[in-house]
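4 protein chains.
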Amino acid sequence: MGTTANDLDAMTGTPDAATLARRYRDVRARTEALCDGLSSEDCVVQSMPDASPAKWHLGHTTWFFETFVLAAAVSDHVAFDPSFAVLFNSYYNAVGEQHPRPRRGMLTRPPLDRVRDYRRRTDDLVLGLLEGERLAEPDRAIVELGLHHEQQHQELLLMDLKHLFWCNPLAPAYRETGPAGGRATRLEWVRFDAGVHRIGHGGDGFSFDNERPRHRAFVEAFELASRVVTCGEWLEFLEDGGYERPELWLADGWAVAREAAWRAPAYWRRSDDGWTVFTLGGPREVHPDEPVCHVSHYEADAFARWAGARLPTEFEWETAAAELPVRGNLAADGALHPLVPRPGDGLRQMFGDVWEWTASAYLPYPGYRPAAGALGEYNGKFMANQIVLRGGSFATPSGHLRPTYRNFYYPRQRWMFSGVRLARDV
Amino acid sequence: MGTTANDLDAMTGTPDAATLARRYRDVRARTEALCDGLSSEDCVVQSMPDASPAKWHLGHTTWFFETFVLAAAVSDHVAFDPSFAVLFNSYYNAVGEQHPRPRRGMLTRPPLDRVRDYRRRTDDLVLGLLEGERLAEPDRAIVELGLHHEQQHQELLLMDLKHLFWCNPLAPAYRETGPAGGRATRLEWVRFDAGVHRIGHGGDGFSFDNERPRHRAFVEAFELASRVVTCGEWLEFLEDGGYERPELWLADGWAVAREAAWRAPAYWRRSDDGWTVFTLGGPREVHPDEPVCHVSHYEADAFARWAGARLPTEFEWETAAAELPVRGNLAADGALHPLVPRPGDGLRQMFGDVWEWTASAYLPYPGYRPAAGALGEYNGKFMANQIVLRGGSFATPSGHLRPTYRNFYYPRQRWMFSGVRLARDV
Amino acid sequence: MGTTANDLDAMTGTPDAATLARRYRDVRARTEALCDGLSSEDCVVQSMPDASPAKWHLGHTTWFFETFVLAAAVSDHVAFDPSFAVLFNSYYNAVGEQHPRPRRGMLTRPPLDRVRDYRRRTDDLVLGLLEGERLAEPDRAIVELGLHHEQQHQELLLMDLKHLFWCNPLAPAYRETGPAGGRATRLEWVRFDAGVHRIGHGGDGFSFDNERPRHRAFVEAFELASRVVTCGEWLEFLEDGGYERPELWLADGWAVAREAAWRAPAYWRRSDDGWTVFTLGGPREVHPDEPVCHVSHYEADAFARWAGARLPTEFEWETAAAELPVRGNLAADGALHPLVPRPGDGLRQMFGDVWEWTASAYLPYPGYRPAAGALGEYNGKFMANQIVLRGGSFATPSGHLRPTYRNFYYPRQRWMFSGVRLARDV
Amino acid sequence: MGTTANDLDAMTGTPDAATLARRYRDVRARTEALCDGLSSEDCVVQSMPDASPAKWHLGHTTWFFETFVLAAAVSDHVAFDPSFAVLFNSYYNAVGEQHPRPRRGMLTRPPLDRVRDYRRRTDDLVLGLLEGERLAEPDRAIVELGLHHEQQHQELLLMDLKHLFWCNPLAPAYRETGPAGGRATRLEWVRFDAGVHRIGHGGDGFSFDNERPRHRAFVEAFELASRVVTCGEWLEFLEDGGYERPELWLADGWAVAREAAWRAPAYWRRSDDGWTVFTLGGPREVHPDEPVCHVSHYEADAFARWAGARLPTEFEWETAAAELPVRGNLAADGALHPLVPRPGDGLRQMFGDVWEWTASAYLPYPGYRPAAGALGEYNGKFMANQIVLRGGSFATPSGHLRPTYRNFYYPRQRWMFSGVRLARDV
């Protein structure tokens, strides 16, 4: 573990203990706040193998701190409950066995209250270490990693709850959300010249190992759309037979779309009066000016081909985003849904609203080395068959994003908050 | 509905309203008592498509009374919640759509408390009708059917909870159970002569339509074992390679056993110290003198072949049981597990302890006519691919059983409380 | 093997060697004649796991004689090719491993010509034994069994070829067949009284072990339809929504019908001009007076319910057929398709045309004992989940049938020549 | 079609008609020669959905010329057989329906001889056009494409036959092959400096659309192994627990390896005396100095991680190969198996022996545009979920390869002739 910590430390500039303690309180409290208003029943059920119960998210993020901080830094640490080592381990083979992912919904015990106790006791211990200045620099880096990890699970928690409520014919709302409104601006194209660019995270501050090392990439000239694709544009695609024309689709995408009988984005349903969309605020009419959300990579790719464009590579996206401020419709705004972009010039919505599918496979950067030890399993072993998404969504905590941030999903998945920004050759 | 009720009525002798009201209170209270000590989390999760959440059982049994009694008998009945018509309909196509069985575990809403309200309100209305003598004879017959239906779900509830807790690595206990104890008596053979027998239910008193009509069947001479097969006998089978010798198995059974990697009854696990069994009281050592439980028809059949015997037909079983008192280790005893038989002569354990697999396919009796209307779907449409079991288990409510009672499961299923009684030709 | 033979012997009265030799020549030649006009390509391909290539049928039926006659009776018998012991063993665990059934179509080697050599050499040896009177009575019984076995494969061969050609968009014809013609007689009901009947094979002459022992069964009074169901009657069912009304179906049947999207019998296809049926003579219009063929048990059962009738039990069928001559549209007639029944009184088409689904599960008769040794695997281990069919089809060799003959298939299967005769309660 | 041809034409410099006619004769004859010694049975069977029967390869490659050359260039062309338009269309939606890929093995008709007639007649017509100088430049480009297409199928034909024979317990040999021999040279590392490189095909001469356009890519400094990985090195990996250590594997690869129970490369089998490998010459001992073959991308990646190295990107590979002569153990050598490399300095075996897995996802190059019309389906729609392989194998026709050639397969596939060359960071 020491090596891992050293390793992480060398690459970042970890905040001091007091800053870290403050952030720890904030992030941990935010996770709990996301569960306000949920019943223990809402928190225990798993709606599909890809999703996890809210209770499991609460336990797993705590397990991360207990396993990688407390057990590593405190020689006589006593586990809150030895069985949690297996129950709440997600996929870290190096620290032992895991309760199988598709069976996370079987855990009616431990009860939710006991997982909350687990959180409290772990928080006391971690904060004790931080506030007592008893945590050396390498372990502080792991606390910081744990907070970013927990922020990822905050977004997952919303994805998973939305899916759970969608599976319920009662179509319950998670929270009240504002009405849809506004008019989308005209889509414009922003041009970028060819050249060798620096890609990836190189400076101070936190980043995941998959953003490193910073390296050179040649990017040919390209143009990027000024905003993301709207529901209205998607309806045109749909009405133009977008889901029935194989020539628009990648062969694998076409096979999936046929098998799954896709006719529209996930969470859309056709009623007598037109299309409705299920949101975290319950079902409502599809608003044509809002960003389209919950589309797979295959759909995004087919849409782009239909539109005479293509998806941007992650290098193009990062080139365009490198100098932009990380602002937008993020979790702190509480919109809980993508919004119609505000008027303005240049690139809009690069951060927040919806994750933007790129054309890039999720692969290691040249010179990539996963962290040593168990934390090396965090990212590296997933570098196969997945596609990079960039820019965050309305559910992404603000402090969590960076222009170099690489999210990744399988091209057929649709339950994350994924949308489309077009690119084209010059 | 009238027809249905007339139909039912003609075949039974329905108790008077006061008797029915008393039984209604008892049965409904017993269902709730089974949930004492369970958390709402325990009640919402579905552990496999065959099983249902406890909350769903609570709702569905209530839906039965609301749909087939209140809505049928009260012209201005207002539904407690119109959505429940779909959520809690199990498989009655004639009364509308059903929430899909494998997705019963998605229903974190309505919350458990609301389902309890649903029970209370329905109970008030049904009891009001009964106690006000406002329920005509045909509808009273449906109340009685509803109570037997609810008693079936009481046993299902225990089966499903046991499976859920088994899926949890913490292996929680449902209730405290007594220690295993006693010595099984020697297995003896009881002989029955050939002849034409009357099979099925013909007299007064309640019976399901699948027990009717009473008809004649020729039964050749046979012998029946005096008690059910014990765990010790099963261990001999197992140690003699019972699970590795295809010549002992039906071809379909062998295929299932290979695919599912069966090595022992369900809920058995091999530890360093021998075999343990998971019970409603948690895991404990296998007790050799206890009845074996949770075996499939395929295993029961293979065991019988290994033992130089066979399974009894349901006609043989009924012939033997016809005149016996319906007594044994049933739900009211609270053992929550099959018990070592008490010493004694003749047939033991014919009722209670474990359901006994027969050699008979679950098929209609000659002249069988399902009830008219929706209640005709209760039994008849399942008369394919299933096998009859007889005699009830430790989880069967006592007032619920009869010698003519036909239970039925697929030959590969093992989560019910199923055991084996041997038979042989003379 | 000796035991087996003794066993078989005791139950039959095996023909003398000369008779047997003559029948051997006939049956073996008939198998080869069925392959006339087929290319080696036609003979090697397997169209689905249930079906086998013609070449495999040619080899397997020969393997049966080599394994159970030559290797058993001739102490120094040298195998034609040791690899054939595995390649052509269907499912007899007691004589060794089997090439997996779903991979029978992988065997481009041995070439068809070599399998023909295998037949010739085996025929020479078996006939040598028979004609030299060097085969003792027990082994002669196995020769007879082998001939009946081969006759079963003659029908399978036609079923499998039909399916193969159906899978080919060119829709090739196996043989030229005559035109459909004639008018079906009115369906009448023939009544049978209640009573104890003798069921099963008891006399001299060959029978399979599953027809034995002859035993008593009580059969309530019933009526049987005078002929089988026609395509025209099936079209009425179909046009009355037969495939869209769950109340007509067994629950398992409905699930299969939905999943497989059944809309008509197998081999039917709707064209602009109505329904066509694929026959061994190629595609042609559905003829309304012909017997319907290639329906599953589930469809047969749903049809019967729609018609206000039911399927007969196998005991009812045998009671009705017991004294009838075994005559009808059988393989020797060469029609290769079910025919419109000739006018006449009483039960028609009890033998030939189409196998008739019964309501009976395929289960052992009281006192059933499979033959000892490997041949005990012939029938007994399949007594689970299957349904009895009676009466033979246009593809059944005439000498092969008896009133006690029990054929069996899974209720969802449709590639055999299966049809429907109705029954009803009195 | 005209557009397509123009398009292709613009990018290549098509050979004159006489040259093309000569190459046409050569390539077409080579395909037939590959089938020498095969029976019509060998040519009709499909061993798995990924593979096609030899007869289908013979028909499909001919269909390509008939569809894209004859039907396009000859206004009154009469199809040889209209049904072939569907039977032999692989995946070109733009020219109509396709017989489903997994059912190519059902086509016992048309017989092999008729497909050979189809080839002869098509050859006569195409050669007539070429030799009569009646084929304009754009259509000549399609003839050239058709020849490269046919060469790809020559390699597929060997892959598919090998798999078919492997599925046969008789383990037949396709052809006699020479003995394995020689000693592998020591693995050395060859260094390449960082810089912007030109990648893709830009000059004259044929290339597929996926190799275009030639574009710039920045490649960081790297080292490449002087030869491919040997069976001996793979045995070390295997004996060091390579197939049992999840930390060596990508998560998706580990899941596949567990599910498929991989313990060694495809076609390896452990016997009492060690490992044997099934080759086109039949089974023989694994030779430690030969290149390892038939490994998936997942295995290649795990091996590289175990070896402290990684797979090269396709840009690295092309950078290294750009100036090398296209020489090696290719199809013309007739070895039918990868060979021990000859001694020598620098990079060995870059062409021939085994296809080399890269670390690169198969994605479009910047500015990629598929050909217009149906031929645009040739490559572009497969740019998802696949991995690039480079360098050709012992089964690749020599004239068919280029340094810019991109082959592609799914990371779990193993039936192609795929091996591993290591790379590492500097």
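Chains as they are written, first to last, in numbering that gives the first Met the number 0: chain B, 0 to 425; chain X, 0 to 425; chain C, 0 to 425; chain L, 0 to 425. We put the beta carbon where it would ideally sit given N, CA and C, even for glycine.
Classification of residue i by the beta-carbon crowding that lies within 10 angstroms, buried from 16 upward
i	result
B:G204	exposed
C:A9	At C:A9, the pLDDT of 41 sits below 50, so the modelled position is not reliable; the number obtained from the coordinates is stated separately. Exposed, by the Cβ-count rule.
L:G327	buried
B:Y90	exposed
L:A32	exposed
L:R21	exposed
X:E258	exposed
C:S270	exposed
L:R24	exposed
L:R341	exposed
B:D123	exposed
Proximal residues of chain B, C-beta to C-beta of residue i below 8 Å
i	result
L:A250	Y90, K380, F381, A383
Pairwise C-alpha distance: residue j and residue i
i	j	result
X:A16	X:L134	8 Å
B:E187	L:H148	41 Å
X:Q151	X:G58	14 Å
X:R413	X:T176	21 Å
L:G1	L:P137	Summary for L:G1: the model assigns pLDDT 30, below 50, so the residue's position carries little reliability; its value from the coordinates is reported in the next sentence. The straight-line gap from Cα to Cα measures roughly 7 Å.
B:D6	B:V425	Annotation note: pLDDT 42 at B:D6 (below 50); position unreliable, no value reported.
L:L362	L:R405	10 Å
B:N167	X:W253	39 Å
B:L128	B:R139	10 Å
C:T3	C:A371	Bear in mind that the predicted position of C:T3 carries a pLDDT of just 37, short of 50, making it unreliable; the figure below should be weighed with that in mind. Using only the alpha carbons, I get a separation of about 5 Å.
X:H336	C:F350	53 Å
Presumed contact (8 Å Cβ cut-off) between residue i and residue j, rounded CB distance
i	j	result
L:G273	L:E284	7 Å
X:V227	X:D352	6 Å
Neighbour list for residue i in chain B, Cβ cutoff strictly below 7 Å
i	result
L:G366	E219, D424
L:A256	Those within 7 Å of L:A256 in chain B number zero; the least Cβ separation is about 12 Å.
One or two residues paired with residue i in a DSSP bridge
i	result
L:R268	L:T275
B:E284	B:T275
L:N328	L:G351
X:L338	None; X:L338 has no bridge partner.
Under 9 Å from the C-beta of residue i: neighbouring residues of chain C
i	result
L:K114	Looking at the sequence itself, residue 114 of chain L is Val, so the reference to Lys does not match. Result: empty, since nearest Cβ-Cβ is about 11 Å, beyond 9 Å.
Neighbour list for residue i in chain L, Cβ cutoff strictly below 8 Å
i	result
C:M105	V44, S46, L163, C166, N167
Contact list for residue i against chain L, beta-carbon separation under 7 Å
i	result
B:V195	V195, F217
Where residue i meets chain C, residues with beta-carbon distance less than 7 Å
i	result
L:L98	Residue 98 of chain L is actually His in this sequence, not Leu. The answer, in chain order, is P168.
Listed by chain order, chain X residues near residue i by CB distance under 8 Å
i	result
B:R102	C166
Contact list for residue i against chain L, beta-carbon separation under 9 Å
i	result
B:E246	N92, A93, G375, E376, K380
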